[in-house]
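Protein chains: 2
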Amino acid sequence: MKAATPVVSIDIVLLTILDGVLHVGLTKREREPFAGQLALPGGRFDIEKDSDEYDAAVRILREKTGVTSPYLEQLQTFAGANRDPRGWTVSIAHFAIVHAKVADTADARFTWRPVESVRTLPFDHARILQAAVTRVRTKSLYSSLPVHLMPEMFTLGQLQAAYEVLVGSPLDKRSFRRRMDELELLVEVPGAVTTGSGHRPAQQYRVKDGALGHLAVSDSNLGRKAA
Amino acid sequence: MKAATPVVSIDIVLLTILDGVLHVGLTKREREPFAGQLALPGGRFDIEKDSDEYDAAVRILREKTGVTSPYLEQLQTFAGANRDPRGWTVSIAHFAIVHAKVADTADARFTWRPVESVRTLPFDHARILQAAVTRVRTKSLYSSLPVHLMPEMFTLGQLQAAYEVLVGSPLDKRSFRRRMDELELLVEVPGAVTTGSGHRPAQQYRVKDGALGHLAVSDSNLGRKAA
DNA sequence: CTAATAGTGTCTCTTAGACACTATAAA
DNA sequence: TTTATAGTGTCTAAGAGACACTATTAG
Chain A
1 MKAATPVVSI
11 DIVLLTILDG
21 VLHVGLTKRE
31 REPFAGQLAL
41 PGGRFDIEKD
51 SDEYDAAVRI
61 LREKTGVTSP
71 YLEQLQTFAG
81 ANRDPRGWTV
91 SIAHFAIVHA
101 KVADTADARF
111 TWRPVESVRT
121 LPFDHARILQ
131 AAVTRVRTKS
141 LYSSLPVHLM
151 PEMFTLGQLQ
161 AAYEVLVGSP
171 LDKRSFRRRM
181 DELELLVEVP
191 GAVTTGSGHR
201 PAQQYRVKDG
211 ALGHLAVSDS
221 NLGRKAA
Chain B
1001 MKAATPVVSI
1011 DIVLLTILDG
1021 VLHVGLTKRE
1031 REPFAGQLAL
1041 PGGRFDIEKD
1051 SDEYDAAVRI
1061 LREKTGVTSP
1071 YLEQLQTFAG
1081 ANRDPRGWTV
1091 SIAHFAIVHA
1101 KVADTADARF
1111 TWRPVESVRT
1121 LPFDHARILQ
1131 AAVTRVRTKS
1141 LYSSLPVHLM
1151 PEMFTLGQLQ
1161 AAYEVLVGSP
1171 LDKRSFRRRM
1181 DELELLVEVP
1191 GAVTTGSGHR
1201 PAQQYRVKDG
1211 ALGHLAVSDS
1221 NLGRKAA
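From first to last, the protein sequence lines are chains A and B.
Position 101, counted from 1, in the first sequence is what my numbering calls 101; the numbers after and before it change by one each time, with no gaps.
Adding 1000 to a residue's 1-based position in the second sequence gives its number in my numbering.
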């Protein structure tokens, strides 16, 4: 343990919504410490392959989970002597968001767990998860981040449901639609309408070309109902 | 160059306001590469002394600059193959804010430069500086971050001037004062009044006990005048 | 008296939140 | 006909921005 420089790794908090509940993707650890336990997917830099930390995060996410996320962002770096029993370590934490369809394609090694049901995790992964969830909830209040939870086509009702899961409270339907309209982020898919649902069909939307990648931001409170 | 794990360091963007202009603190590099050039102060972890990355940043800031900042925050981690000619490196960037009086106490090795006049810096330090300035400006719009640029006692006029430097545009005096009032962050210092200034004296204020350390946040736009 | 900053209220406009009914399809 | 969701307009209240004058001190 006399390495002059600590070991650096990347850990990824992968989030999605399944059955209306926020889930986090976990992998079973193959090695000690904590072998066999569920933990955040992570890995080391490959200084041959990775040109920067974003590259590395994309590669690690793909290799460990089979998922390619359209939304991947650096969260925060956690470093210290007490987070890993092997000694001083550094973790550059990221978070990623995928929609349920992509979530289904994840590896078998991979498990989705409702965020609320995850009590303990190895290392300081519970703290990292906590930080990621807080960040996602906060960003959902003032940005279009939740559209990344949507498949290519979706209805406004589905999108509102995603916002509600992330924000954690019900939103006013008309205020929500007004806001989405003002963001000018979505376009109707002509003729595409949900069907076979036993009620009035809904117009489907997709994200405007080029509008994804940078988040649309607004000052609004999304028509969140008061407590 | 075959280290399996990259070298990790901490770099710090230290900011203050001197003569009404935002300045960054730079140190002359003693070693290659870029020996003799001005760069952001930085250093390596000391896994004996530092218990986490915040600890390390505090220590490095103190050792390299002689400054102890009441405000120090992790900014972002920059990693990659092309940021340092020696190979793959990782820098956990932080930013710190001090008021002008503290700035004066900095080491002789240490130089303050107007942010706008800094064109090039070694490594990717120009990019790190850019990111820090952007973060500080953004946070100034909706939080009380600029009070950390103030000495213990200060007038509302001085505080407004600091906000204006960070935000980059003039603020409406009455809207600004109303906002400060609503934040309930400041208290008058009884009897303390500026004097000898050739004009009406001003009430001095200090930050309320315990109110520092977490930023007061508001949704307002600070009475910023429209462009 | 002049110069320079401190300090103080009100109006208006924008924006967010609250609210209820009709429309449409499947069973 | 029932059930379930889609879709649509307006009012109101709160908050932010804009605005002009008096007060006080040093020189």
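For each residue, glycine too, the CB sits at the ideal point set by N, CA and C.
Report the residue from the options whose alpha carbon sits nearest the alpha carbon of residue i.
i: Phe110(A); options: Glu73(A), Thr16(A), Leu26(A); result: Leu26(A)
i: Leu129(A); options: Phe95(A), Gly196(A), Val90(A), Phe176(A); result: Phe95(A)
i: Ile1017(B); options: Thr1194(B), Val1115(B), Lys1173(B); result: Val1115(B)
i: Gly36(A); options: Leu121(A), Arg178(A), His199(A); result: Leu121(A)
i: Phe176(A); options: Ser143(A), Gly196(A), Val8(A), Thr194(A); result: Ser143(A)
i: Lys28(A); options: Arg113(A), Ala100(A), Gly20(A), Val133(A); result: Arg113(A)
i: Ile97(A); options: Gly87(A), Arg119(A), Val58(A); result: Val58(A)
i: Ala1039(B); options: Asp1052(B), Phe1123(B), Gly1087(B), Leu1166(B); result: Phe1123(B)
i: Thr155(A); options: Glu32(A), Gln76(A), Pro190(A), Asp52(A); result: Pro190(A)
i: Tyr54(A); options: Arg135(A), Gln74(A), Asp104(A); result: Gln74(A)
i: Gln203(A); options: Leu159(A), Gly210(A), Gly168(A), Ala211(A); result: Leu159(A)
i: Ala79(A); options: Gly196(A), Thr138(A), Thr5(A), Lys139(A); result: Thr5(A)
i: Met1150(B); options: Arg1083(B), Gly1198(B), Leu1015(B); result: Leu1015(B)
i: Tyr1205(B); options: Met1180(B), Ala1132(B), Phe1045(B); result: Met1180(B)
i: Glu1063(B); options: Gly1043(B), Thr1134(B), Arg1119(B); result: Gly1043(B)
i: Thr1105(B); options: Ser1069(B), Asp1050(B), Ala1131(B), Arg1127(B); result: Ser1069(B)
i: Tyr1168(B); options: Arg1200(B), Lys1139(B), Arg1174(B); result: Just to set this straight, residue 1168(B) is Gly in the shown sequence, not Tyr. Measuring from the Cα of Gly1168(B), the nearest candidate turns out to be Lys1139(B).
i: His1199(B); options: Arg1174(B), Gly1157(B), Val1133(B); result: Gly1157(B)
i: Ile1010(B); options: Pro1033(B), Glu1030(B), Asp1019(B), Ala1056(B); result: Ala1056(B)
Please state whether DSSP places residue i in a helix, a strand or coil.
i: His125(A); result: helix
i: Pro1114(B); result: strand
i: Gly1020(B); result: coil
i: Ser197(A); result: coil
i: Lys28(A); result: strand
i: Ala227(A); result: Confidence at Ala227(A) is low in this model, with a pLDDT of 36, below 50, so its placement is unreliable and no value can be given for it.
i: Val1147(B); result: helix
i: Gln1037(B); result: coil
i: Ser175(A); result: helix
i: Gly43(A); result: strand
i: Ala211(A); result: coil
i: Ser1140(B); result: helix
i: Arg206(A); result: strand
i: Asp55(A); result: helix
i: Glu73(A); result: strand
i: Leu185(A); result: coil
i: Ala161(A); result: helix
i: Val1013(B); result: strand
i: Thr1065(B); result: helix
i: Ala79(A); result: strand
i: Thr155(A); result: strand
i: Ile1060(B); result: helix
i: Val1008(B); result: strand
i: Thr1120(B); result: coil
Would you say residue i and residue j are within 9 angstroms of each other, going by their C-beta atoms?
i: Thr65(A); j: Pro85(A); result: no
i: Val8(A); j: Thr89(A); result: yes
i: His1099(B); j: His1148(B); result: yes
i: Leu166(A); j: Val136(A); result: yes
i: Ile241(A); j: Thr77(A); result: The question about residue 241(A) has no answer here: the residues shown for chain A are numbered 1 through 227.
i: Val193(A); j: Lys208(A); result: no
i: Asp1052(B); j: Ala162(A); result: no
i: Val67(A); j: Val102(A); result: yes
i: Leu171(A); j: Glu164(A); result: yes
i: Val118(A); j: Ala126(A); result: yes
i: Leu1141(B); j: Tyr1071(B); result: no
Taking a Cβ distance cut-off of 9 angstroms, strictly less, list which residues of the segment 69-92 of chain A are near chain B, in chain order.
Hits within the stretch, in order: Gln74, Gln76, Thr77, Phe78, Ala79, Gly80, Ala81, Asn82, Arg83, Gly87, Trp88, Val90, Ile92.
To be precise: take each residue of the segment 1043-1054 of chain B, compare its Cβ to all Cβ atoms of chain A, and keep it if any distance is under 8 angstroms. Which residues remain?
Of all residues in the segment 1043-1054 of chain B, Arg1044, Phe1045, Ile1047, Asp1050, Ser1051, Asp1052, Glu1053 have a Cβ within less than 8 angstroms of some Cβ in chain A.
What are the residues in the segment 1105-1118 of chain B lying within 8 angstroms of chain A by C-beta distance?
none
In chain order, what residues of the segment 6-23 of chain A put their CB closer than 8 angstroms to some CB of chain B?
Pro6, Val7, Val8
Which whole runs of the beta strand (DSSP E) in the segment 1083-1111 of chain B are 3 residues long or more, in chain order?
For the segment 1083-1111 of chain B, whole beta strand (DSSP E) runs of length 3 or above, ordered along the chain, are 1089-1097.
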